[in-house]
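For this note's numbering, add 15 to where a residue sits in the sequence shown, where the first one is 1.
From the three backbone atoms N, C-alpha and C, an ideal C-beta is built for every residue, glycine too.
Owing to the predicted nature of the structure, the values given are computational and were not obtained by experimental measurement.
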Amino acid sequence: MSALADGVRAGDRRMVARALTVVERRDARARDLHAELWPHTGRAFRVGVTGAPGVGKSTLVDAVAAALASHGARIGVIAVDPTSPYSGGALLGDRLRMQGLALRDDVFVRSMASRGRLGGLAPAASEAADVLDAAGFPIVVVETVGAGQGELDVAFETDYTIVVLAPGAGDGVQAAKAGTMEIADLFVVNKSDLPGAEGVRSDVEGTLELASDERRARTPIVMAHAGAQGGAAAIAAHVESAAENAHGKSDRAARRRSAIEHRLLSIACERAYNEAVRRVASAAALVAEVEARRCDLYEGARRLEIPTA
Ligand SMILES: Nc1nc2c(ncn2[C@@H]2O[C@H](COP(=O)(O)OP(=O)(O)O)[C@@H](O)[C@H]2O)c(=O)[nH]1
Ligand SMILES: [Mg+2]
16 MSALADGVRA GDRRMVARAL TVVERRDARA RDLHAELWPH TGRAFRVGVT GAPGVGKSTL
76 VDAVAAALAS HGARIGVIAV DPTSPYSGGA LLGDRLRMQG LALRDDVFVR SMASRGRLGG
136 LAPAASEAAD VLDAAGFPIV VVETVGAGQG ELDVAFETDY TIVVLAPGAG DGVQAAKAGT
196 MEIADLFVVN KSDLPGAEGV RSDVEGTLEL ASDERRARTP IVMAHAGAQG GAAAIAAHVE
256 SAAENAHGKS DRAARRRSAI EHRLLSIACE RAYNEAVRRV ASAAALVAEV EARRCDLYEG
316 ARRLEIPTA
């Protein structure tokens, strides 16, 4: 085993930080590290936190992580940021907001760029979570902006999903991305200090009443005021009880199985896609034939001979 993988497994924070940098690049070195760490993952309880930008996810994660840590748990946090790694602004914002936590020994926080150089958001975020899992953090939180397919993908790869809403333009149920409402294990209506929070709660209740699945209809809703730690203890309690397998072992196993299927699928798609990009770029003759209408699009695509796995 490499010194890096050893260091991660020993929970060495410096090595964990270095491994996350490797994972972010998603190159051959990252794949080697993945292969080394994979047998040592699967123990952490993975919590996804998603919601529109500005609803207070980072503030909330900060408060909830502190609440969980005060009960003795060690928490790893991956904050996926929508901004490019070169802009720095929002990344720095998350770092500063979570600075209090970054100084604690029992909480590890890392902001990462939304997409690795070589691919998708979901693989990068989940592989970052793998590092923290292998490092022995029993709870790993992944914060994503609920704005695109990649963000929903991340939710399919966690054990528990918290959807955060808040009053204010564009942040309510109406604005929640299609699909977001269906993936929640817990709803948090944050900014309960602001007018309109009760309205958001009744909107969520209205949506849940329409759910055909009975358990979904009972999805809990927590009102929070993250800036003042309000609701953090209640959210931490939900996470703890879910982590202790409140819904039974078979549900957990089924969800993990589908998470693995989802992860395999996204890597297989990404590889096929990247290969197709390479082949199209170097198929000038074929492109010319299609352009001259001597070959149709489907026949042209077939001739690229993209491997089907
Ligand atoms: N009024 C109010 N503001 C909040 C609350 N929680 C967070 N905020 C503010 O909302 C803004 C966005 O918070 P942030 O955690 O970065 O949101 P994120 O983009 O969802 O991660 C910040 O200015 C926070 O201080 C709250 O409970 N009430
Ligand atoms: Mg944030």
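Are the beta-carbon atoms belonging to residue i and residue j less than 8 angstroms from one another?
i: E290; j: A139; result: no
i: V64; j: E158; result: yes
i: A137; j: E172; result: yes
i: A249; j: V215; result: no
i: V203; j: V179; result: yes
i: Y175; j: A257; result: yes
i: T234; j: D200; result: yes
i: A247; j: A78; result: yes
i: P153; j: A88; result: yes
i: G26; j: G151; result: yes
Shorter than 7 angstroms, the distance from the beta carbon of residue i to the closest heavy atom of ligand 2, or not?
i: K72; result: yes
i: A241; result: no
i: E220; result: no
i: E158; result: yes
i: A94; result: yes
Which value, in whole angstroms, describes the spacing of the CA atoms of residue i and residue j?
i: A50; j: E259; result: 28 angstroms
i: L107; j: M196; result: Confidence is the limiting factor: at L107 the pLDDT is only 46, short of 50, which leaves the residue's position unreliable, though a coordinate-based value still follows. So the alpha carbons of these two residues sit roughly 29 angstroms apart.
i: R44; j: V219; result: 44 angstroms
i: V146; j: A307; result: 50 angstroms
i: W53; j: S217; result: 43 angstroms
i: P81; j: V122; result: Sequence inspection shows Ala at residue 81; the Pro mentioned does not correspond to that position. Roughly 8 angstroms between the two C-alpha positions.
i: A226; j: A232; result: 5 angstroms
i: H240; j: I90; result: 21 angstroms
i: M127; j: D311; result: 42 angstroms
i: V295; j: P322; result: 14 angstroms
i: S297; j: L319; result: 10 angstroms
i: I177; j: D47; result: 32 angstroms
i: G66; j: I93; result: 15 angstroms
i: E229; j: P210; result: 30 angstroms
i: V156; j: S17; result: 26 angstroms
i: I275; j: A268; result: 11 angstroms
i: V305; j: V292; result: 17 angstroms
i: E285; j: D208; result: 43 angstroms
i: T74; j: G242; result: 6 angstroms
i: Y288; j: E213; result: 45 angstroms
i: A144; j: E224; result: 34 angstroms
i: H55; j: V237; result: 34 angstroms
i: G71; j: N205; result: 7 angstroms
i: A316; j: S281; result: 21 angstroms
i: L279; j: R272; result: 11 angstroms
i: V4; j: H86; result: The requested residue 4 does not occur in the structure, where the chain is confined to residues 16 to 324.
i: A283; j: A303; result: 29 angstroms
i: R125; j: G69; result: 19 angstroms
i: T98; j: T36; result: At T98, the pLDDT of 47 sits below 50, so the modelled position is not reliable; the number obtained from the coordinates is stated separately. Roughly 17 angstroms between the two C-alpha positions.
i: R29; j: D120; result: 12 angstroms
i: G103; j: G183; result: For G103, the predicted model reports a pLDDT of 32, less than 50, meaning its position is unreliable; a value from the coordinates is still stated below. Straight-line Cα distance between these residues: approximately 26 angstroms.
For the beta strand (DSSP E) containing residue i, list its first residue and its last residue.
i: L75; result: Run containing L75: none in the beta strand (DSSP E); it sits in the alpha helix (DSSP H), 72-85.
i: I236; result: 236-238
i: M127; result: 122-128
i: G22; result: Not the beta strand (DSSP E): G22 falls in the alpha helix (DSSP H), residues 18-24.
i: E158; result: 154-160
i: R61; result: 60-66
i: L209; result: L209 -> no beta strand (DSSP E), and no H or E assigned at all.
i: I177; result: 175-180
Looking at residue i and ligand 1, is the gap between the Cβ and the nearest heavy atom below 7 angstroms?
i: L209; result: yes
i: P68; result: yes
i: K264; result: no
i: N289; result: no
i: N205; result: yes
Taking the alpha helix (DSSP H) that residue i falls in, what are its first and last residues?
i: I321; result: First-last for I321: undefined, no H or E at that position.
i: G214; result: 212-224
i: T36; result: 28-40
i: E255; result: 247-258
i: I282; result: 264-296
i: H49; result: 43-52
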